[in-house]
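**Q**
Numbering (the working numbering), first residue to last: 16 to 236.
1) Return the bridge partner residues of residue 239 from the DSSP annotation.
2) By DSSP's criteria, residue 93 is part of a beta bridge. Which residues make up the other side?
3) So what's residue 152 in DSSP terms, helix, strand or just coil?
4) May I have a chain-ordered list of the beta strand (DSSP E) segments no shorter than 3 residues that lie completely inside the region 23–57?
5) Suppose the cutoff is 7 Å on Cβ atoms and the five residues either side in sequence are ignored; what does the same chain contact list for residue 109 look like?
6) Less than 7 Å between CB atoms is the rule here; does residue 211 satisfy it with respect to chain C?
7) Within the continuous alpha helix (DSSP H) that includes residue 194, where are the two ends?
8) For residue 21 and residue 158, what's the separation of their Cα atoms in angstroms?
9) Skipping 5 residues on each side, what residues in its chain have a beta carbon closer than 6 Å to that of residue 209?
10) What first and last residue would you give for the alpha helix (DSSP H) that runs through residue 218?
11) Between which residues of its own chain and residue 73 is the CB-CB distance below 8 Å, once the five residues before and five after are set aside?
12) Quick one: using the 10 Å Cβ neighbour count with 16 as the cut-off for buried, is residue 85 buried or exposed?
13) Would you mind giving the Cβ-Cβ distance between residue 152 and residue 138, rounded to the nearest angstrom? I have them listed as a contact below 8 Å.
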């Protein structure tokens, strides 16, 4: 088995192995297929293999893909940074938002949640001082959590993070462990962490969602 189908099977096997090493049920980890720059026909191929969760970084790129895949029973996850003027489109087109990192962004989402259940959201946390990276600072997390929990139309589920780039996946372990600790201290259960190069370590440290693009679809063109 080769291509997307072969990649999908291998990823699931690696998730299962990592989960069992950590004494966790493999079904507690959700694969979110990251489809940035991936055309709809290749996403459709992944869906035929069993992918149910799609992660997109940009609203405008996601819209034609949603239309092309409208007949599929998919859950759409917004995983990119967004400005408040994009909040309405995010709410209208996504089932989860992983990247809330400030109160004005949360409030903008909340204003547009109408006639639907509360929108599940995660707070993106910046675990190291990286000037060009989005995310709430760990020291601001408690205040942000409190503010979001007061917004009835949002359902705060957990945290998301992208560790600093590292060559060895083991170097990402302290960052994943730190995120798990922050979530536990705040009574949050969902952890969106781990990508193609480090998702097994993330699963060992408690990830409930892993965001995988290159490992599933191959290198971006």
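Quick reminder that beta carbons are idealized off the backbone N, C-alpha and C, glycines included.
**A** A quick look at the data gives this:
1) The requested residue 239 is not part of the displayed model; the chain covers only 16 to 236.
2) Residue 93 is bridged to 71, 112.
3) In this structure, residue 152 counts as strand in the three-state DSSP scheme.
4) The region 23–57 contains these whole beta strand (DSSP E) runs: 45–49.
5) For residue 109, where only same-chain residues beyond five positions count, the Cβ hits under 7 Å are 91, 92, 93.
6) Going by chain labels, chain C is absent from the structure shown, which holds only one protein chain.
7) From DSSP, the alpha helix (DSSP H) with residue 194 extends over 188–200.
8) Their backbone Cα atoms lie some 44 Å apart in a straight line.
9) Closer than 6 Å at the Cβ level, and outside the excluded window around residue 209, lie 217, 222, 225.
10) Residue 218: member of the alpha helix (DSSP H) spanning 214–219, first to last residue.
11) Counting only Cβ-Cβ distances below 8 Å, and skipping sequence neighbours, we find 51, 95.
12) Residue 85 is exposed by the Cβ-count criterion.
13) The Cβ separation is near 11 Å, so there is no contact.
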